[in-house]
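Encoded as structure tokens, the structure appears first; notes follow it.
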Amino acid sequence: MVTSCCVPECNQKGKKPPTGEKVSFFEFPRTPTRRKQWIHAIRREEGKDFKIVDGTKVCSLHFRREDLRKSFNGRAYVVPGGVPTRFSSSVPSPRKRKAPPERHPLPQKKLFATTSASSDHTELHVVSETDITAESLSKSTATASNRNTEPNDTCSELNAPKKIEELEEEVLKLRQENTELKKKLDEVEKQNEAISARLFSLERFTSDADINFYTGLPNYATFLALFNFLNPGENGENIRPRSTLKDVPEDFYDVDSDDEENISPAKKGRPRKLKPVEEFLLSYAA
1 MVTSCCVPEC NQKGKKPPTG EKVSFFEFPR TPTRRKQWIH AIRREEGKDF KIVDGTKVCS
61 LHFRREDLRK SFNGRAYVVP GGVPTRFSSS VPSPRKRKAP PERHPLPQKK LFATTSASSD
121 HTELHVVSET DITAESLSKS TATASNRNTE PNDTCSELNA PKKIEELEEE VLKLRQENTE
181 LKKKLDEVEK QNEAISARLF SLERFTSDAD INFYTGLPNY ATFLALFNFL NPGENGENIR
241 PRSTLKDVPE DFYDVDSDDE ENISPAKKGR PRKLKPVEEF LLSYAA
């Protein structure tokens, strides 16, 4: 079956036009937004007389060269963002020309001549040359400004698809990095849970059954009440280690309060790794 183009007033059928140049046919995009852009570009509307199916295609004659690319196997395809823009009925609108610069009247030149007739002729000649020069300058200025803007517009249109592809690749890389970081976070949390399960802490023995089994006390509330009654201090500062001396000197309790400042404080040992309440539980369990 010969493939044909669905663009109005386009009679292209098959892959070879009268000019001999190879023609490709492209299906409408799947995404709704791009499909609407194509439908609007070819000036058609979906309805009873026009429905887009698998065989509805647009030929390559309606695309600009910069909107088409070839794959490694030589098959042509439309770049992202490409839209059909070339039609036989479309006539390019003339570019708007900038307004010419404001013209100021030139100072009137006085020419002296022998006769009035020759004076009139000379003045007319000078004015006509001045008008022609001002008009030519305004035209050249407008043409130069149009030439300067045309390459910039063309470059931005050519670089837009490439910029979109670069941004899509960057988003894909960031998503992959996010997925890898989530996996690492899950692994660290599992390792932390496994380590916490092996550490000794009071939170693992807060049930009444565990307290009764390890301490002999009836419940957890009794255990806490006994601990608070002993009042070892938040960091065990009220716990006094037992002295290695069996006998206390006779004058130990007769020392004046003023001399207590001269007594050297006891050396601090290593910092405790367990809380006082956990040490209290261990002393019961032992």
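Numbering (full-length UniProt numbering), first residue to last: 1 to 286.
All residues carry an ideal CB built from backbone N, CA and C; glycine is no exception.
Given the structure is predicted, the values throughout are model-derived calculations rather than measurements.
Proximity winner among the options, relative to residue i (alpha-carbon distances)
| i | options | result |
| --- | --- | --- |
| Cys10 | Gln191, Pro100, His62 | His62 |
| Cys6 | Leu224, Glu27, Leu281 | Glu27 |
| Ala76 | Glu157, Phe25, Lys36, Asp54 | Phe25 |
| His40 | Val83, Asn238, Ala99, Glu165 | Val83 |
| Pro29 | Ser71, Pro80, Phe50, Asp49 | Pro80 |
| Phe223 | Lys173, Phe280, Asp186 | Phe280 |
| Val58 | Ala197, Phe72, Leu217, Val78 | Val78 |
For residue i, the residue or residues it bridges with in DSSP
| i | result |
| --- | --- |
| Glu27 | Lys57 |
| Ser4 | Lys13 |
| Ala77 | Residue identity differs from the one stated: residue 77 is Tyr in this sequence, not Ala. Answer is Arg69, bridged to Tyr77. |
Backbone CA spacing between residue i and residue j [nearest angstrom]
| i | j | result |
| --- | --- | --- |
| Leu226 | Tyr284 | 12 angstroms |
| Gln191 | Lys163 | 43 angstroms |
| Tyr220 | Thr206 | 6 angstroms |
| Thr31 | Leu181 | 32 angstroms |
| Glu166 | Arg43 | 32 angstroms |
| Trp38 | Thr56 | 12 angstroms |
| Pro8 | Glu45 | 12 angstroms |
| Leu199 | Lys275 | 13 angstroms |
| Glu278 | Ser201 | 7 angstroms |
| Asp210 | Val188 | 30 angstroms |
| Leu172 | Asn178 | 10 angstroms |
| Arg240 | Arg270 | 15 angstroms |
| Ala197 | Lys183 | 21 angstroms |
| Gly20 | Ser60 | 14 angstroms |
| Arg204 | Phe229 | 23 angstroms |
| His104 | Phe50 | 60 angstroms |
| Glu169 | Asp54 | 30 angstroms |
| Glu193 | Gly216 | 30 angstroms |
| Pro100 | Leu106 | 17 angstroms |
| Gly74 | Lys48 | 37 angstroms |
Close Cβ partners of residue i (< 6 angstroms) along its chain, the five nearest in sequence each way excluded
| i | result |
| --- | --- |
| Thr33 | none |
| Tyr214 | Ala285 |
| Lys13 | Val2, Ser4 |
| Leu282 | none |
| Ser71 | none |
| Pro17 | Val23 |
| Asp208 | Asn219, Tyr220 |
| Ile52 | Phe28 |
Beta-carbon contacts of residue i that lie in its chain and below 8 angstroms, excluding the five residues immediately before and after
| i | result |
| --- | --- |
| Leu158 | Glu66 |
| Asn238 | Asn231, Pro232 |
| Lys15 | Thr3, Lys22, Val23, Ser24, Phe25 |
| Asn212 | Pro218, Asn219 |
| Pro161 | Val79, Pro80, Gly81, Gly82 |
Rounded distance between the beta-carbons of residue j and residue i, thought under 8 angstroms
| i | j | result |
| --- | --- | --- |
| Arg86 | Arg69 | That belief does not hold up - the Cβ atoms of Arg86 and Arg69 are roughly 17 angstroms apart, past 8 angstroms. |
| Gly236 | Arg272 | 6 angstroms |
Residues near residue i by beta carbon distance below 7 angstroms, same chain, minus five either side
| i | result |
| --- | --- |
| Arg35 | Phe28, Pro29 |
| Ile195 | none |
| Ser88 | Glu9 |
| Leu185 | none |
| Leu174 | none |
| Glu102 | none |
| Gln176 | none |
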